[in-house]
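Worksheet: the structure to be examined is printed underneath.
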Amino acid sequence: MNSPFSMASLGDGYRALVIGASGAIGSAFCQQLSQDPRCAGVRELGRNTVPALDLEQPETIASAATELAAEAPYQLIVHAAGLLHRERIKPEKSYSAIEADALQAVFQVNTLGPAMVLRHFLPLLAPQGAMAMLSAKVGSIGDNRLGGWYAYRASKAALNMLIKTAAIELARTRPQSRLLSLHPGTVVSGLSQPFRGASSARPADVAADQLLNLIDQLTAADSGQFFAYDGQRLPW
1 MNSPFSMASL GDGYRALVIG ASGAIGSAFC QQLSQDPRCA GVRELGRNTV
51 PALDLEQPET IASAATELAA EAPYQLIVHA AGLLHRERIK PEKSYSAIEA
101 DALQAVFQVN TLGPAMVLRH FLPLLAPQGA MAMLSAKVGS IGDNRLGGWY
151 AYRASKAALN MLIKTAAIEL ARTRPQSRLL SLHPGTVVSG LSQPFRGASS
201 ARPADVAADQ LLNLIDQLTA ADSGQFFAYD GQRLPW
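Heads up: the sequence shown at position 55 corresponds to 55 in full-length UniProt numbering, and the numbers run straight through without jumps.
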């Protein structure tokens, strides 16, 4: 059993928003936050929620933000959606496997959609709030030792640049806020199941607990940085 979870840095009565709430780790975030006595409420967003937010339909990102503006600000926003594989899309083992359609689809979910999330949801973040977007260690250019996985690596590297750039801008107007890029590690989910390392994957509730505790410990001075779930600062 995990010890009772509570986020201390957001104050009593904080409001949370989880984007990608239907995924394994997204739903675990929602469950953990709903059990935090300091949390006044968790708003869940995804393709099948009301309002709906579908990263492959950018107009839904803007409309969802407009609809939720009335209940803002949120002290915590977590973006937990992503795409590694699905029917007709799988990680490329060689540059000879790069396909334009697959590249476009992966970038839409991992980069272009999250860019619009930054645009429309950062205005809903409280001045001392925290927004965390799930990236991936394989998106680190400095840490790339094995190659392969072209679309996924590149889309996450681009996401990291978006987060870093937005954090610089955010610091000018809301210097006490936190915008973070986080690597969740390998989590038991449909995303990780087909791949090497899945056997050592952590349960989603464990990963969510680790990530929320990490967000809680990080400060405004860490905004715009790239961290692993265990607190390790990752190279770009």
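For each residue, glycine too, the CB sits at the ideal point set by N, CA and C. In this text, all values refer to a predicted model and were calculated from it rather than measured experimentally.
What are the partner residues of residue i, as DSSP defines its beta bridges?
i: Arg15; result: Gly41
i: residue 277; result: Within the shown structure, residues of the chain are numbered from 1 to 236, placing residue 277 beyond reach of any answer.
i: Arg202; result: Val187
Between residue i and residue j, is the Cβ-Cβ spacing less than 7 Å?
i: Tyr150; j: Glu92; result: yes
i: Leu212; j: Gly231; result: no
i: Leu84; j: Tyr152; result: yes
i: Val187; j: Ile25; result: yes
i: Val208; j: Arg178; result: The question names Val, but residue 208 is Ala in the sequence shown. Not in contact: Ala208 and Arg178 (Cβ atoms no closer than 7 Å).
i: Ser9; j: Asp216; result: yes
i: Arg174; j: Pro123; result: no
i: Pro51; j: Glu71; result: no
i: Leu182; j: Phe227; result: yes
i: Asp12; j: Arg43; result: no
i: Leu125; j: Met131; result: yes
i: Arg145; j: Gln75; result: no
i: Ala28; j: Ala171; result: no
i: Phe5; j: Gln31; result: no
i: Asp36; j: Met7; result: yes
I need the DSSP call for residue i, collapsed to helix, strand or coil.
i: Ala69; result: helix
i: Ser192; result: Caution is warranted here: a pLDDT of 48 is assigned to Ser192, below 50, making its placement in the model unreliable, and no coordinate value can be reported.
i: Asn213; result: helix
i: Glu56; result: coil
i: Gln35; result: coil
i: Ser27; result: helix
i: Ala64; result: helix
i: Ala207; result: helix
i: Asn220; result: According to the sequence displayed, residue 220 carries Ala and not Asn. Of the three classes helix, strand and coil, the one that applies to Ala220 here is helix, per DSSP.
Residue i CB to nearest chain D CB: under 7 Å?
i: Ile77; result: Here chain D cannot be found, since the structure has a single protein chain.
Examine the ligand SAH and report whether any of its heavy atoms sits within less than 6 Å of the Cβ of residue i.
i: Pro37; result: The ligand SAH is absent from the structure shown, which contains no ligand whatsoever.
Exercise. So, do the stretch 36-52 and the stretch 85-105 have three or more beta carbon pairs nearer to each other than 8 Å?
Worked result: No, they do not touch.
Exercise. Going along the chain, which unbroken runs of the alpha helix (DSSP H) with 4 or more residues stay wholly within the stretch 74-134?
Worked result: Given a length threshold of 4 residues, each whole run of the alpha helix (DSSP H) inside the stretch 74-134 is given here in chain order: 100-107, 113-121.
For this session: Could you tell me whether the stretch 126-139 touches the stretch 148-158, using the rule of 3 or more Cβ pairs below 8 Å?
Result: Flag = yes, the stretch 126-139 and the stretch 148-158 touch.
Problem set entry | Segment contact flag, the stretch 117-131 with the stretch 74-85, C-beta cutoff 8 Å, min 3 pairs | Counting Cβ pairs under 8 Å, three or more are found: they touch.
Problem set entry | In chain order, each alpha helix (DSSP H) run of at least 4 residues that lies wholly inside the stretch 124-188 | Taken in chain order, the whole alpha helix (DSSP H) runs of length 4 or more contained in the stretch 124-188 are 150-173.
For this session: Check whether the stretch 162-175 touches the stretch 60-71, taking contact to mean three or more Cβ pairs, one atom from each stretch, closer than 8 Å.
Result: Not touching, per the Cβ criterion.
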